[in-house]
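Visitor:
In mature numbering (1 follows the signal peptide of the UniProt record, and there is no 0), the protein residues as written are -31 to -1, 1 to 219.
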C-alpha cells in the first residue's frame, strides 16, 4: 500500500464523514487508508444507523430514530465519491457555503419524483440537506447531474441491501459483528475477494466499539456492484469487530 495514497485518502474520507457528521450528526465516522492501485477509484460510504445512533444518540439525525425505524432494517447511503476529487466545477462561494453553512440553505437539487422518494428512504440525512451537500462535494466529480448521481448510487444500494450482507447485519442486530463475517458475506454476495475491498467503520462510545457503517472500494464506471467491487483494490480495515447497537423491533 502506498503511503501517500493512504494519507490522502485518510484526509478525504475524514473530511467527508467525520467533519460532515460532527455538524449534522446523521451518518458515520470513517478515517482509513485507501486501496493501492492505479486508475480512477470510487468509494461507496454506507451507514448503519443503529450503531451510529447508539454512538451519538443526541445527533440531529438520530432524534427520531428507534429500533422500529426503516433505517434500522437497512444499510443507508451516505456518499459515493471519487478518490482525491471534490467540488468539481463548483464556484468558490458555493463551495464555502457547502463546507461551512447550513445544508438546507444550499440550492435544491433536481430529481425525478421517484428518485427523490427512493433517496429519502435510503439516506436518512437527506431531510437535513445532506443530499445537496454531497451532490456539490462528491457527485459533481462523478456524474453530469444529481439525477444520474443519485439514481446510480441508489441502484448500488439496492443491490447491497438485497444481498447476504444486509441479512448478516439484521441477523446480528443488537450483538457483535466481525470484519471476518462481513467479508465472508461480501464474498458470498459479490464473488471471491470482494470482502477484501471492504472496511468496517467504527466509533468508540461508553467504552464500547460500535459499528457505524462500511466503506466499499469501487472501480469508476458503469456495471453491477459485483463488477465494480472486483475492479477495485484490496484494502485494510483498522476496525475488526464491534457492536451493532440496538436490536430490531419485534
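Glycine included, C-beta positions come from ideal geometry on N, C-alpha and C.
Per DSSP, what kind of secondary structure is residue 185 in: helix, strand or coil?
Guide: If DSSP states are grouped into helix, strand and coil, residue 185 belongs with the strands.
Visitor: Given a cut-off of 9 Å, decide if residue 172 and residue 206 are closer than it, judged by their beta-carbon atoms.
Guide: Not closer than 9 Å, so no.
Visitor: Counting Cβ pairs closer than 8 Å, one from the segment 177 to 195 and one from the segment 14 to 25, do we hit at least three?
Guide: Judged by Cβ distances under 8 Å, the segment 177 to 195 makes contact with the segment 14 to 25, as three or more pairs qualify.
Visitor: I need the straight-line Cα distance from residue -28 to residue 10, nearest angstrom please.
Guide: Reliability fails at residue -28, whose pLDDT of 46 lies under 50, so the model's placement of it is uncertain and no value is given.
Visitor: I need the straight-line Cα distance from residue 224 to residue 40, nearest angstrom please.
Guide: What is shown of the chain runs -31 to 219, which leaves residue 224 out entirely.
Visitor: Alpha carbons only, please: which of 94, 15, 162, 193 is nearest the one belonging to residue 121?
Guide: Of the candidates 94, 15, 162, 193, the one whose C-alpha sits nearest the C-alpha of residue 121 is 193.
Visitor: Have a look at residue 196 and residue 155 and give me their C-alpha separation to the nearest angstrom.
Guide: If you take the alpha carbons of residue 196 and residue 155, they lie about 12 Å apart.
Visitor: In terms of alpha-carbon separation, which member of 132, 153, 107 lies closest to residue 58?
Guide: If we check each option's Cα against that of residue 58, 107 comes out closest.
Visitor: Does the distance from the CB of residue 46 to the CB of residue 139 come in under 9 Å?
Guide: No, the Cβ-Cβ distance between residue 46 and residue 139 is not below 9 Å.
Visitor: Would you kindly check if the distance between the Cβ of residue 102 and the Cβ of residue 67 is under 9 Å?
Guide: Contact: yes.
Visitor: Name the residue from 134, 163, 145, 153 whose alpha carbon lies nearest to the alpha carbon of residue 212.
Guide: Closest option to residue 212, Cα to Cα, is 145.
Visitor: With 16 other CB atoms within 10 Å as the buried threshold, where does residue 83 fall?
Guide: Exposed, because fewer than 16 other Cβ atoms sit within 10 Å of the Cβ of residue 83.
Visitor: Bridge partners of residue 173, per DSSP?
Guide: In DSSP, residue 173 forms a bridge with 178.
Visitor: Taking the C-alpha atoms as reference points, what is the distance between residue 71 and residue 174?
Guide: The alpha-carbon atoms of residue 71 and residue 174 are separated by roughly 27 Å.
Visitor: Which same chain residues, not among the five before or five after residue 188, have their C-beta less than 6 Å away from its C-beta?
Guide: Contacts found: 197, 200, 201.
Visitor: Which residue marks the beginning of the alpha helix (DSSP H) containing residue 20, and which one marks its end?
Guide: Run containing residue 20: 18 to 24, per the alpha helix (DSSP H) assignment.
Visitor: Can you tell me whether residue 26 is buried or exposed, with buried defined as 16 or more other CB within 10 angstroms of its CB?
Guide: Exposed, because fewer than 16 other Cβ atoms sit within 10 Å of the Cβ of residue 26.
Visitor: Tell me whether residue 93 is buried or exposed, calling it buried when 16 or more other Cβ atoms sit within 10 Å of its Cβ.
Guide: Per the 10 Å Cβ criterion, buried.
Visitor: Hey, how far is the Cα of residue 60 from the Cα of residue 77?
Guide: Between residue 60 and residue 77, the C-alpha separation is close to 16 Å.
Visitor: Candidates 163, 142, 143: which alpha carbon is nearest residue 152's?
Guide: It is 163 whose Cα lies nearest to the Cα of residue 152.
Visitor: Inspect the beta-carbon positions of residue 209 and residue 148 and report whether they are closer than 9 Å.
Guide: Yes. Within cutoff.
Visitor: Could you check where the beta strand (DSSP E) with residue 147 kicks off and where it finishes?
Guide: Where residue 147 is concerned, the enclosing beta strand (DSSP E) stretches over 145 to 147.
Visitor: Please report how far the alpha carbon of residue 91 lies from the alpha carbon of residue 54, in whole angstroms.
Guide: The alpha-carbon atoms of residue 91 and residue 54 are separated by roughly 24 Å.
Visitor: Determine the extent of the beta strand (DSSP E) in which residue 45 is found, giving its start and end residues.
Guide: 45 to 51 is the extent of the beta strand (DSSP E) around residue 45.
Visitor: Going by DSSP in three states, residue 6 sits in which element: helix, strand or coil?
Guide: Note that residue 6 scores 44 on pLDDT, short of 50, meaning its location in the model is unreliable and no value can be drawn from it.
Visitor: Taking the continuous beta strand (DSSP E) assigned at residue 70, which residues delimit it?
Guide: Unbroken run through residue 70: none, as it is neither H nor E.
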